[in-house]
Amino acid sequence: MSEETNTYDVRAVEEKWLPVWDRIDPFRADDAAALAGKPTKYALTMFPYPSGDLHMGHAEVFALHDVISRYWRFRGFEVLNPMGWDSFGLPAENAAIRNDTHPATYTYGNIETQYSSMKRYGVSFDWSRRLHTSDPEYYRWTQWLFLLMHERGLAYRKKSPVNWCPQDQTVLANEQVLADGTCERCGAVVTKRELTQWYFKTTAYAQELYDCLDDLQDTWIGKVVNAQRNWIGRSEGAHVDFALNLADGSTKDVTVFTTRPDTLYGATFMVVAADAALAAEIVAPDKRADLDAYLDEVRKASDIDRLATDRPKTGVDLGITATNPVSGEQVPVWAADYVLADYGTGAIMAVPAHDQRDLDFATVMGLPVRMVVDVEGAEDPAVSSVATTGDGTYVSSGPLDGLTDKASAISQMISVLEERGTGTGTVNFRLRDWLLSRQRYWGAPIPIVHCDKDGEVAVPLDQLPVELPELTGSDLRPQGTSPLGGATEWVETTCPTCGGPARRDTDTMDTFVDSSWYFLRFVSPNLDSAPFDEALAQAWGPIDLYIGGDEHAVLHLLYSRFFTKVLRDAGLITWDEPFSAYLSQGKVINNGRKMSKSLGNGVNVAEQLEEFGVDAVRLTLVFASPPEDNIDWADVSPAGSQKFLQRAWRLSGDVTSAPGVDVSTGDVALRRLTHKTVAEAEQLVESYRFNVVVARTMELVNATRKAIDSGCGGADPAVREAVEAVAMLLSLVAPYTAEEMWERLGHEPCVAQATWPVVDPALLVEESVTAVVQVKGKVKGRLEVAPDISEADLEALALADPGVQRAIDGATVRKVIVRAPKLVNIVV
52 MSEETNTYDV
62 RAVEEKWLPV
72 WDRIDPFRAD
82 DAAALAGKPT
92 KYALTMFPYP
102 SGDLHMGHAE
112 VFALHDVISR
122 YWRFRGFEVL
132 NPMGWDSFGL
142 PAENAAIRND
152 THPATYTYGN
162 IETQYSSMKR
172 YGVSFDWSRR
182 LHTSDPEYYR
192 WTQWLFLLMH
202 ERGLAYRKKS
212 PVNWCPQDQT
222 VLANEQVLAD
232 GTCERCGAVV
242 TKRELTQWYF
252 KTTAYAQELY
262 DCLDDLQDTW
272 IGKVVNAQRN
282 WIGRSEGAHV
292 DFALNLADGS
302 TKDVTVFTTR
312 PDTLYGATFM
322 VVAADAALAA
332 EIVAPDKRAD
342 LDAYLDEVRK
352 ASDIDRLATD
362 RPKTGVDLGI
372 TATNPVSGEQ
382 VPVWAADYVL
392 ADYGTGAIMA
402 VPAHDQRDLD
412 FATVMGLPVR
422 MVVDVEGAED
432 PAVSSVATTG
442 DGTYVSSGPL
452 DGLTDKASAI
462 SQMISVLEER
472 GTGTGTVNFR
482 LRDWLLSRQR
492 YWGAPIPIVH
502 CDKDGEVAVP
512 LDQLPVELPE
522 LTGSDLRPQG
532 TSPLGGATEW
542 VETTCPTCGG
552 PARRDTDTMD
562 TFVDSSWYFL
572 RFVSPNLDSA
582 PFDEALAQAW
592 GPIDLYIGGD
602 EHAVLHLLYS
612 RFFTKVLRDA
622 GLITWDEPFS
632 AYLSQGKVIN
642 NGRKMSKSLG
652 NGVNVAEQLE
662 EFGVDAVRLT
672 LVFASPPEDN
682 IDWADVSPAG
692 SQKFLQRAWR
702 LSGDVTSAPG
712 VDVSTGDVAL
722 RRLTHKTVAE
732 AEQLVESYRF
742 NVVVARTMEL
752 VNATRKAIDS
762 GCGGADPAVR
772 EAVEAVAMLL
782 SLVAPYTAEE
792 MWERLGHEPC
802 VAQATWPVVD
812 PALLVEESVT
822 AVVQVKGKVK
832 GRLEVAPDIS
842 EADLEALALA
852 DPGVQRAIDG
862 ATVRKVIVRA
872 PKLVNIVV
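Once you know that position 544 of the sequence shown is 595 in the numbering used here, the rest is easy, because the numbers rise by one and skip nothing.
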């Protein structure tokens, strides 16, 4: 500390207070208080992957998160604010392999690095609840939850075409394939493979997952709610049964989903996904070679490519026909790549006149096009090659002919189908079941053994966790199948049912399984008899505010919502949704671009902390913009933040009145501003306008300095009240500076345990307001008036003002516009 320069060494201050906070442990959540009914808040930020030290994204989200969690403590809530590591997964495993290190060694080394950085960063985490998803003590319960899903019919295994990442050598869930058809982890182009894999039946909750978004509309950021709604993709329509006439003379019924059953008379062919099992089952013998050759090409394309509207249409005639269930017409059946195998049954009815992709396919293959909706002003699609999708008059549609209302036509056609027993009205979802198998080492083993006699058998609960075997070197590398398959002693086991020889499942679980329930483990992280304490989950949950990036708008948030509903139905929790409110933070960029090693525009967090100190970096990130906006590091000034903090700190050295002094005798103007600032801060924090809280704190610092320097002096009780308020407001974003100020003000540590200032409503009432009086659009007077003055009284005062009378100068007043209490406009 240096009073000569009236500043302080930020590094020394950090080293001073860290051990004090460790000793006091001010942020440990009290389970007993929560169970006793004390008002609680559960604050949660997404836990990180241990893939190196903290980056600017971590620095931002932790700074934002700490504002709300510290504020809640000030307001008297018992706050649960835990932290851990999402420590299984591909990023850590790939990095470990590149560095010729075991994933566990690499992962836990990075965890300790990040832990040290988080501690220095001063976030108010309850470190007594720290967890790592790669600990056997944790993934024992991940496996337990898998078996719960299995028991309830929500975990199952099936063979189907799956997304395959050729670089990471593992399958991916649909949600892990980016819009451009690449792997969201490594960027490789995703292909398709036919594999037998484990799934969670997320579709069983599709309707509820969709409906509950209405309840989250006001408390989650809108774009995240919309992303989930679009991904679930609810659509109403009909299931329609087509009879396939196979080459051997038999028939096979196939059900297709359509949102437009009203256009059934226009269905002139059917299309089956080339890679669907159905295609191989129904193809005529003389067309099988054509299908096999075509299928080899289809598997090279991503789903995104296959669905592209501008992609040339290709396909193979399967050599059979189908019977249109309303017209009785025999229509050809084709295999093509623009239909996906996992959409319904992998088959569609094609109505080329009114669907552009069907029309493009029909044009290339020379298939018939029949218009059944005559849209006024539109040319026949068979001539124009442009499908019509608008409303019009139904033609060539049997009982629908002459109708003009689409809803009525759909309803009537569904009635026809149901009467004939060839279809039903239904709801369909874009959402598919969650593919959770991964052909990698570093994840939770799937707790199933495979027995020739008993099939799939669950590992008994008392044998959990099924721990990973020790693999080293080249044995860890992915080879298209799971590395666990090479651990013979681990794989070969006995069947829990019959006692005969069996093999362990060699896949591991998607790491999103680990993170789909971690918020529940935090309520009782050391419990060894259950995944979580149900009473504590009830006392703390659901999470009051979750903060993270919108890159998880579909993946993690959707899976967590699914898990929550399953656990509720299993009677383990009572809530419907895991996160009552969700705040999505923007990104930290540099010079207008995403930070990247290849661009050379990365910002090293550790270097920024060394140069400017923790508080300056945190303050800069919070002050730069609203939480949801991006921050360009090139446009902000941690050096400026550092100077401001020094100014605020110097105020605490100027206060000479004693703690507990009667502040009612202090300077009224300064007291008004202090109470107004605190009152505004309450509203601003609760509406997530954290940057404005910092701005108001800066204004209070400046006003307090001005009051001291203009004669008020450090002995005035109002100065102490103002500086104590500054210390508490700053502790939301700059805990070290705030702690220093609190100590200099004569208080015991720590400021985070102080009580939020009580706002005096009387000091929020303005004694007077300046009303501006304009004549012919120019300001001719200013009046000090009561805030509640009536328009009539304000008009009278304005017209009586000498300066206004001189401006009117005898002219006729045509109109007086009054906006009490701030404006009078006189037209002459």
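C-beta atoms are modelled at their ideal positions from N, C-alpha and C, and glycine is treated no differently.
Since the structure is predicted, the reported quantities are computational estimates derived from the model, not experimental observations.
query: Could you give the distance in angstroms between the alpha-carbon of Asp60 and the alpha-carbon of Trp700?; result: 12 Å
query: What did DSSP end up calling Ser211 once you bin it into helix, strand or coil?; result: strand
query: Which residues in the same chain as Met52 place their Cβ atom closer than 6 Å to its Cβ, once the five residues preceding and following it in sequence are excluded?; result: Confidence in Met52 is poor, its pLDDT being 37 and thus under 50, which makes the residue's placement unreliable; the coordinate value appears in the next sentence. Cβ within range, chain order: Tyr59.
query: Which residue or residues does DSSP assign as beta-bridge partners of Met321?; result: Val384, Met400
query: Should Arg203 go down as buried or exposed, given a rule of 16 or more other Cβ atoms within 10 Å for buried?; result: exposed
query: Ignore the nearest five residues each way along the sequence and tell me which others in Pro376's own chain have a CB closer than 8 Å to its CB.; result: Val291, Asp292, Phe293, Ala294, Leu315, Leu468, Arg471, Thr473, Gly474
query: Thinking C-beta only, is Ala387 closer than 7 Å to Gly882?; result: As shown, the chain starts at 52 and ends at 879. That puts residue 882 outside it, with no answer to give.
query: Between the alpha carbons of Ala298 and Glu380, how many angstroms are there, rounded?; result: 17 Å
query: Based on Cα-Cα distance, which residue from Val275, Arg280, Ala80 lies nearest to Ala257?; result: Arg280
query: Per DSSP, what kind of secondary structure is Val673 in: helix, strand or coil?; result: helix
query: Let me know if Ser488 comes out buried or exposed under the rule of 16 or more other beta-carbons within 10 Å of its beta-carbon.; result: buried
query: For Gln248, list the residues DSSP reports as bridge partners.; result: Lys209
query: Which value, in whole angstroms, describes the spacing of the CA atoms of Arg907 and Val752?; result: Because the chain spans 52 through 879 in this model, residue 907 falls outside it and cannot be assessed.
query: According to DSSP, Phe480 sits in a beta bridge with which residue or residues?; result: Arg285
query: Looking at Gly765: is its Cβ nearer than 7 Å to the Cβ of Asp705?; result: yes
query: Mark Glu661 as exposed unless 16 or more other C-beta atoms lie within 10 angstroms of its C-beta, in which case mark it buried.; result: exposed
query: Take Ser138 as the anchor and find which of Asn132, Leu696, Glu817, Asp186 has the nearest alpha-carbon.; result: Asp186
query: If Pro547 and Pro582 are in contact, beta carbons under 8 Å, what's the gap, nearest whole angstrom?; result: Rounded, the Cβ-Cβ distance is 21 Å, inconsistent with contact.
query: Looking only at C-alpha atoms, which of Pro77, Ala83, Phe125 sits nearest to Leu781?; result: Phe125
query: Given a threshold of 16 other Cβ atoms within 10 Å of its Cβ, counted over all protein chains shown, does Ser436 qualify as buried or as exposed?; result: exposed
query: Could you name the residues that DSSP lists as bridge partners for Gly506?; result: Cys502
query: Do Trp626 and Gly592 have their C-beta atoms closer together than 7 Å?; result: yes
query: What are the boundary residues of the beta strand (DSSP E) that Ala553 is part of?; result: 552–555
query: Tell me where the beta strand (DSSP E) around Glu129 begins and ends.; result: 129–131
query: Inspect the beta-carbon positions of Thr309 and Gly288 and report whether they are closer than 7 Å.; result: yes
query: Let me know if Arg572 comes out buried or exposed under the rule of 16 or more other beta-carbons within 10 Å of its beta-carbon.; result: buried
query: Drop a sphere of 10 angstroms on the beta-carbon of Arg870, count the other beta-carbons inside from all chains shown, and report buried for 16 or more, exposed for fewer.; result: exposed
query: Taking the alpha carbon of Gly524 as the reference point, which residue from Thr96, Thr152, Ala87, Ala146 has its own alpha carbon closest?; result: Thr152
query: Going along the chain, which residues of its own chain have a beta-carbon closer than 8 Å to the beta-carbon of Asn641, five neighbours each way excluded?; result: Asn652, Gly653, Val654, Asp683, Trp684, Ala685
query: DSSP has Val878 in a bridge; who is on the other side?; result: Lys866
query: Pull up the CB-CB distance for Val867 and Glu846, whole angstroms please, since I reckon it's below 8 Å.; result: 5 Å
query: With burial defined as no fewer than 16 other Cβ atoms inside 10 Å of the residue's Cβ, what is the status of Arg528: buried or exposed?; result: exposed
query: Reducing DSSP to helix, strand and coil, say where Asp186 ends up.; result: coil
query: Taking all protein chains shown into account, decide if Thr455 is buried (16 or more other Cβ within 10 angstroms of its Cβ) or exposed.; result: exposed
query: Short of 7 Å in beta carbon distance, which residues of its chain neighbour Leu650, apart from the five on each side in sequence? Order them along the chain.; result: Arg644
query: My guess is that Gly441 and Ala433 are in contact by the Cβ rule of under 8 Å, so how many angstroms apart are they, rounded?; result: Rounded, the Cβ-Cβ distance is 17 Å, inconsistent with contact.
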